[in-house]
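FYI, in the numbering used here the residues of the sequence shown are 550 to 819.
The beta carbon of each residue, even a glycine, is placed where N, CA and C say it ideally should be.
Quick caveat: nothing in here was measured; it's all calculated off a predicted structure.
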Amino acid sequence: MDADVCSDADFRFKRPSSAGSRGSNRSLTRDESVVSHGSRSSGRSSRRQLPTAPSETASSTVVKVTKEPERMYKVVLAGDAAVGKSSFIVRLCKGKFVPNLSSTLGVDFQNKVLDVDGHTVALQLWDTAGQERFRSIAKSYFRRADGVLLLYDCTYERSFLNVREWLDAIEDSSPKKIPIMLVGNKIDQRAEMQQQGRRVVRYEDGQRLSREIDALFIESSAKDGSNIMEAVIELTRLLRTNEDLEVKTVGMQLQELKNEKKSSCCGGKR
Ligand SMILES: Nc1nc2c(ncn2[C@@H]2O[C@H](COP(=O)(O)OP(=O)(O)OP(=O)(O)O)[C@@H](O)[C@H]2O)c(=O)[nH]1
Ligand SMILES: [Mg+2]
550 MDADVCSDAD FRFKRPSSAG SRGSNRSLTR DESVVSHGSR SSGRSSRRQL PTAPSETASS
610 TVVKVTKEPE RMYKVVLAGD AAVGKSSFIV RLCKGKFVPN LSSTLGVDFQ NKVLDVDGHT
670 VALQLWDTAG QERFRSIAKS YFRRADGVLL LYDCTYERSF LNVREWLDAI EDSSPKKIPI
730 MLVGNKIDQR AEMQQQGRRV VRYEDGQRLS REIDALFIES SAKDGSNIME AVIELTRLLR
790 TNEDLEVKTV GMQLQELKNE KKSSCCGGKR
């Protein structure tokens with residue numbers, strides 16, 4: 550597998566480029582992968598709050614990833630229509646903001662290879678459609694998800710209020726607890742919207758909710774690139790930590806089982 554990859558693999562259910570007010574069809578290509586040089590996250594609570602300020606270099610530096618990925622995680626992007634899920638992925642994979650993306654129909658898919666704390670990790674990014682009529686398709690992807698990026702639009706309160714609905718859908722779909730990064734997107738627009746008298750979602754609101762639902766939290770802008778990489782890297786760290794813990798626990802259980810077998814076997818001989 551090419552380690553320096555961010556590719557379209559599956560653009561199903563796509564709206565023709567002429568359709569809708571949101572213009573042209575996406576066409577994503579290769580992208581530089583990213584190495585993070587951030588401090589390694591310990592296995593602490595998943596409630597860690599992340600910076601709001603743009604910090605392209607705070608925990609990541611764009612360099613080519615040349616190693617084969619050690620692990621692969623499936624990450625699903627969820628949230629109401631027009632919160633910026635596809636724009637988030639385009640920013641992550643192409644490093645730019647493409648206005649007028651067409652609304653996602655069904656689900657789109659991208660691969661991204663990252664180097665997180667010296668470990669090469671491949672991410673399968675599933676970009677679900679926020680529109681109600683595609684809800685059951687979106688739900689079917691949660692079952693297979695290792696992690697979820699749950700987005701809301703901080704300039705549109707309804708999308709924030711609907712986060713709990715998305716959370717219920719995620720929890721209903723999977724027997725195990727899926728790590729979630731709650732992302733308040735479009736922070737570039739918040740001040741302006743607030744000045745215009747629009748009800749916006751403040752950082753503290755998002756933070757409080759993330760604590761209640763035991764999720765990571767960050768605010769981002771797909772438009773100016775703030776915290777897009779940080780969100781993904783921090784979620785990936787949590788996925789790695791959880792997986793390491795699982796492996797350790799299974800290892801310990803196996804060892805205990807071996808010990809038990811040994812002692813009962815020796816006891817039998819005596
Ligand atoms: N100002 C600003 N606009 C954004 C940002 N992210 C997305 N948008 C705009 O918001 C609209 C919706 O973006 P999309 O990325 O298509 O949203 P989506 O969540 O994928 O929507 P669905 O595919 O319908 O579920 C588009 O007009 C984008 O240009 C952002 O960070 N800032
Ligand atoms: Mg979309």
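Looking at C-alpha atoms only, which residue of 801, 621, 627, 804 is the closest neighbour of residue 712?
Against the sequence shown, residue 712 aligns to sequence position 163. That would be 627, whose Cα lies nearest to the Cα of residue 712.
Can you tell which of 786, 801, 743 has its C-alpha closest to the C-alpha of residue 735?
Counting from one through the sequence shown, the residue named residue 735 turns up at place 186. Per the Cα distances, 743.
Once you ignore the five residues that flank residue 692 on each side, which residues in its own chain have a CB closer than 7 Å to its CB?
Here residue 692 refers to the residue found at position 143 of the sequence shown. Within the same chain, residue 692 has close Cβ partners 722, 723.
Using a C-beta cutoff of 8 Å, does residue 666 count as contacting chain D?
Absent from the structure is chain D; it holds one protein chain and no more.
Helix, strand or coil at residue 574 according to DSSP, with G and I counted as helix
Start at 1 with the first residue of the sequence shown, and residue 574 comes out as number 25. Residue placement at residue 574 is poorly supported in this model, since its pLDDT is 35, which falls under 50; the coordinates still yield a value, given next. Note: residue 574 maps to coil in three-state DSSP.
Report whether the distance from the Cβ of residue 669 to the nearest heavy atom of ligand 2 is below 7 Å.
Position 120 of the sequence shown, counted from the start, is the residue given in the question as residue 669. No, Cβ of residue 669 sits at least 7 Å from all heavy atoms of ligand 2.
Any non-hydrogen atom of ligand 1 closer than 7 Å to residue 744 Cβ:
The count along the sequence shown starts at 1 and reaches residue 744 at position 195. No, Cβ of residue 744 sits at least 7 Å from all heavy atoms of ligand 1.
Measuring straight from C-alpha to C-alpha, what distance separates residue 789 and residue 813?
Here residue 789 corresponds to residue number 240 of the sequence shown, with the count starting at 1. Here residue 813 corresponds to residue number 264 of the sequence shown, with the count starting at 1. Residue 789 and residue 813: Cα-Cα distance of roughly 36 Å.
What whole-angstrom Cβ distance do residue 687 and residue 678 have, given they're in contact under 8 Å?
Taking the sequence shown and counting its residues from 1, the one referred to as residue 687 is at position 138. Taking the sequence shown and counting its residues from 1, the one referred to as residue 678 is at position 129. Yes, they are in contact, since the Cβ atoms of residue 687 and residue 678 sit about 6 Å apart, within 8 Å.
Classify residue 766 as helix, strand or coil using the three-state DSSP reduction.
As a position in the sequence shown, residue 766 is number 217, starting the count at 1. Correct three-state label for residue 766: strand.
Beta-carbon within less than 6 Å of residue 671's beta-carbon, same chain only, minus the 5 sequence neighbours each way: which residues are those?
Translated into positions along the sequence shown, residue 671 becomes position 122. Excluding residues within five positions, the ones whose Cβ falls inside 6 Å are 618, 621, 662.
For residue 678, three-class secondary structure by DSSP:
The count along the sequence shown starts at 1 and reaches residue 678 at position 129. Three-state result, residue 678: coil.
Drop a sphere of 10 angstroms on the beta-carbon of residue 804, count the other beta-carbons inside from all chains shown, and report buried for 16 or more, exposed for fewer.
By 1-based counting over the sequence shown, the position of residue 804 is 255. Flag for residue 804 reads exposed.
Using CA coordinates, which residue listed in 772, 796, 802, 779 is at the minimum distance from residue 650?
In the sequence shown, residue 650 corresponds to position 101, counting from 1. Of 772, 796, 802, 779, the residue nearest in Cα terms is 772.
With distances taken from CA atoms, which of 705, 652, 634, 746 is nearest residue 698?
Residue 698 sits at position 149 when you count from the first residue of the sequence shown. Considering only alpha carbons, the answer is 634.
Applying the 10 Å Cβ sphere with the 16-neighbour rule, what's the burial state of residue 776?
What you label residue 776 is simply residue 227 of the sequence shown in a count that begins at 1. When all chains shown are included, residue 776 counts as buried.
Is the segment 756 to 763 in contact with the segment 652 to 659, if contact means three or more CB pairs nearer than 8 Å?
no
Residue 748 and residue 703 - do their beta-carbons sit closer together than 8 Å?
Sequence index remark: in the sequence shown, residue 703 carries index 154 (1-based). Sequence index remark: in the sequence shown, residue 748 carries index 199 (1-based). Not closer than 8 Å, so no.
Ligand 1 heavy atom lying under 7 Å from the CB of residue 728:
What you label residue 728 is simply residue 179 of the sequence shown in a count that begins at 1. Not under cutoff, so the answer is no.
Using a Cβ-Cβ cutoff of less than 8 Å, which residues in the same chain neighbour residue 755 once the five nearest sequence positions on both sides are dropped?
On the sequence shown, residue 755 is found 206 positions in, with the first residue counted as 1. Result list for residue 755: 701, 703, 709, 731, 733, 766, 768, in chain order.
Does any heavy atom of ligand 1 sit closer than 7 Å to the C-beta of residue 643?
Along the sequence shown, read from residue 1 onward, the residue named residue 643 stands at position 94. No, the beta carbon of residue 643 sits no closer than 7 Å to any heavy atom of ligand 1.
What's the C-alpha gap between residue 810 and residue 646?
Residue numbering aside, residue 810 sits at position 261 when the sequence shown is read from its first letter. Residue numbering aside, residue 646 sits at position 97 when the sequence shown is read from its first letter. Answer to the nearest angstrom: the Cα atoms are 59 Å apart.
Any heavy atom of ligand 2 closer than 7 Å to the Cβ of residue 634?
For the purposes of this step, residue 634 is taken as residue 85 along the sequence shown, with counting starting at 1. It does: the Cβ of residue 634 is within 7 Å (strictly closer) of some heavy atom of ligand 2.
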